[in-house]
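Report on one structure; see the data block that follows.
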Amino acid sequence: MPTPDRTDPEVNELWDEFHAYVNVDSGQLRNWLLVRASDEDGFPGPPEQTMPQPGGAILDILGRRKVDLTNGDLDVMRTTVEQIQDLLADRPEEGAGNDQWRHALLDLGHDPLRAT
3 MPTPDRTDPE VNELWDEFHA YVNVDSGQLR NWLLVRASDE DGFPGPPEQT
53 MPQPGGAILD ILGRRKVDLT NGDLDVMRTT VEQIQDLLAD RPEEGAGNDQ
103 WRHALLDLGH DPLRAT
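Quick look at the structure:
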């Protein structure tokens, strides 16, 4: 599979947009995903294998350099930005007080309580 051209302005724009919308760092996202993956008995398997998706893929991208991105990473980045935009556009009346909405955003690496 060919790797994307990192000098492509579209790749650079997507990189910047992704990192603007994913406003938690990799440690915070990993901790959140581990909480989501666990249950009252602990982890049903190795934590890295039970992390909710696409959060695990987003976490992988946060650990990469732009020059190491794959076409699959770009697809995940585009989808993540679109999903975050859609959720923000459909903000419930109670906003971040709506746990389901806030958790859906946190699963994507976006904390609506964080100042932008």
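Numbering (the working numbering), first residue to last: 3 to 118.
The beta carbon of each residue, even a glycine, is placed where N, CA and C say it ideally should be.
Note that this is a predicted model, so its numbers are computed, not measured.
What would DSSP say about residue i, mapped onto helix, strand or coil?
| i | result |
| --- | --- |
| P94 | coil |
| G29 | helix |
| Q55 | coil |
| H112 | coil |
| R38 | helix |
| R120 | For the chain, the structure presents residues 3 to 118; residue 120 sits outside this window and is missing. |
| R66 | coil |
Check for me: the alpha helix (DSSP H) holding residue i runs from which residue to which?
| i | result |
| --- | --- |
| L71 | Here L71 belongs to no alpha helix (DSSP H), and DSSP marks it neither H nor E. |
| D10 | It is not in any alpha helix (DSSP H) - D10 carries neither H nor E in the DSSP assignment. |
Straight-line CA distance for residue i to residue j?
| i | j | result |
| --- | --- | --- |
| M3 | L36 | Because M3 sits at a pLDDT of 49, beneath the cut-off of 50, its placement in the model cannot be relied upon, and the following sentence gives the value as read from the coordinates. Computed Cα separation, rounded: 31 Å. |
| T72 | A98 | 33 Å |
| R32 | L89 | 21 Å |
| Q55 | E96 | 26 Å |
| W103 | R116 | 15 Å |
| H112 | P94 | 16 Å |
| W34 | D70 | 25 Å |
| D75 | R67 | 11 Å |
Exposed or buried, what is residue i when buried is set at 16 or more other beta-carbons lying within 10 Å of its beta-carbon?
| i | result |
| --- | --- |
| G57 | buried |
| G29 | exposed |
| D101 | exposed |
| Q87 | exposed |
*Are the segment 60 to 72 and the segment 21 to 32 touching by the rule of at least three beta carbon pairs closer than 8 Å?*
yes
_Inter-stretch contact at 8 Å, needing at least 3 Cβ pairs: the segment 79 to 86 / the segment 11 to 19_ = yes
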